[in-house]
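Under numbering that gives the first Met the number 0, the first residue of the sequence shown is numbered 0, with each subsequent residue one higher.
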Amino acid sequence: MERPQILASKHSYNFMIVFIAGHENVQQCLTSLLYLLAIHQDVQERCRQEACSILGTGGTAASWTANDVARMTYAFKVVRETIRLLPPIPQLANRRASSSTGDKSDYVALDDVMVPSGTYVAWHAFGLHHNPAVWNDPEAFDPERWTDKGKGQSEAGQLAEDPFGFIGFAGGIRQCRFNTLGGHRTDNRRLSGLGQRLAIMEVLTFLATMLLKYRWSLPPGRDFQMTPAGILAPVGLELDIQEILA
Numbered sequence: 000m001e002r003p004q005i006l007a008s009k010h011s012y013n014f015m016i017v018f019i020a021g022h023e024n025v026q027q028c029l030t031s032l033l034y035l036l037a038i039h040q041d042v043q044e045r046c047r048q049e050a051c052s053i054l055g056t057g058g059t060a061a062s063w064t065a066n067d068v069a070r071m072t073y074a075f076k077v078v079r080e081t082i083r084l085l086p087p088i089p090q091l092a093n094r095r096a097s098s099s100t101g102d103k104s105d106y107v108a109l110d111d112v113m114v115p116s117g118t119y120v121a122w123h124a125f126g127l128h129h130n131p132a133v134w135n136d137p138e139a140f141d142p143e144r145w146t147d148k149g150k151g152q153s154e155a156g157q158l159a160e161d162p163f164g165f166i167g168f169a170g171g172i173r174q175c176r177f178n179t180l181g182g183h184r185t186d187n188r189r190l191s192g193l194g195q196r197l198a199i200m201e202v203l204t205f206l207a208t209m210l211l212k213y214r215w216s217l218p219p220g221r222d223f224q225m226t227p228a229g230i231l232a233p234v235g236l237e238l239d240i241q242e243i244l245a
């Protein structure tokens, strides 16, 4: 059977998505991550100790493997908690009801809700991630909420085992899936997806590089506002950065 050919235009579209979603969104995530770790110095130091113990202090990113970076399990929790608290894409209206199902020919049935055909339907990651019906103490920055149950999970864990309780990378059938990060198997509470693999490895590699070279904090008396719309991150973030001397 002859294999179908992929049009050059589809290659172009896919590369465009990788460059935009795989870099701009990661940039916003890194900004929020640096911001939160500047506030929570204890978490920053724990990440640094983990990076030192796994990657050493003399190497560079060029000498690390994906499995090396994937062993930074606490930093992985910190990244997920950053995405939960400050999702780079807080909301998106990218679907339009077009089918004719349900009791009325011009409506789409979503459970018990009838959505008129032609209506744009949005998902709201920020609202869901801050919903007290889904998360205990949702406004708290608590990486331990991502610890597996029975292995030290904090009281701020997810209230319900709902696969859509965390949608920092969307979900459902349009979410690419994978079951490992590096050589480490993930569970259904962890991040999955081809784009997520790229994004998380980028973030962890950058974070490890920063942790091994620098300490950072917020300038005294400074506070930063979040972007008013669109991609979510601190606006005009400034940091006091101190080099770690060998």
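Just so it is clear, CB atoms sit at the ideal spot from N, CA and C, and this is done for glycine as well.
A quick note: this is a predicted structure, and the numbers were derived from the prediction, not measured.
DSSP state of residue i mapped onto helix, strand, coil
i, result
"ASP136", "coil"
"GLY58", "coil"
"ILE240", "strand"
"PRO162", "coil"
"ALA121", "strand"
"LEU85", "coil"
"ALA69", "helix"
"ALA198", "helix"
"ASN93", "strand"
"ASN130", "coil"
Residue of the options minimising C-alpha distance to residue i
i, options, result
"THR30", "GLN241, THR226, ALA50, LEU244", "THR226"
"GLN26", "GLU201, ALA7, ASN93, ARG94", "GLU201"
"LEU197", "ALA65, GLU49, ALA61", "ALA65"
"PRO137", "MET113, GLY170, GLY164", "GLY164"
"GLN43", "LEU32, SER52, ILE53", "LEU32"
"ASN93", "ILE240, HIS123, THR56, TRP134", "HIS123"
"LYS76", "ARG144, LEU127, GLN90", "ARG144"
Residue(s) in a DSSP beta bridge with residue i
i, result
"TYR213", "GLU242"
"GLY167", "ALA169"
"PRO233", "MET225"
"LEU36", "Note: LEU36 sits in no beta bridge, so no partner."
With 16 other Cβ atoms within 10 Å as the buried cut-off, status of residue i
i, result
"ILE88", "buried"
"HIS22", "exposed"
"PRO233", "buried"
"ASN178", "Because the pLDDT at ASN178 is just 40, under 50, the model does not fix this residue reliably, and the value given afterwards should be weighed accordingly. Burial call: exposed."
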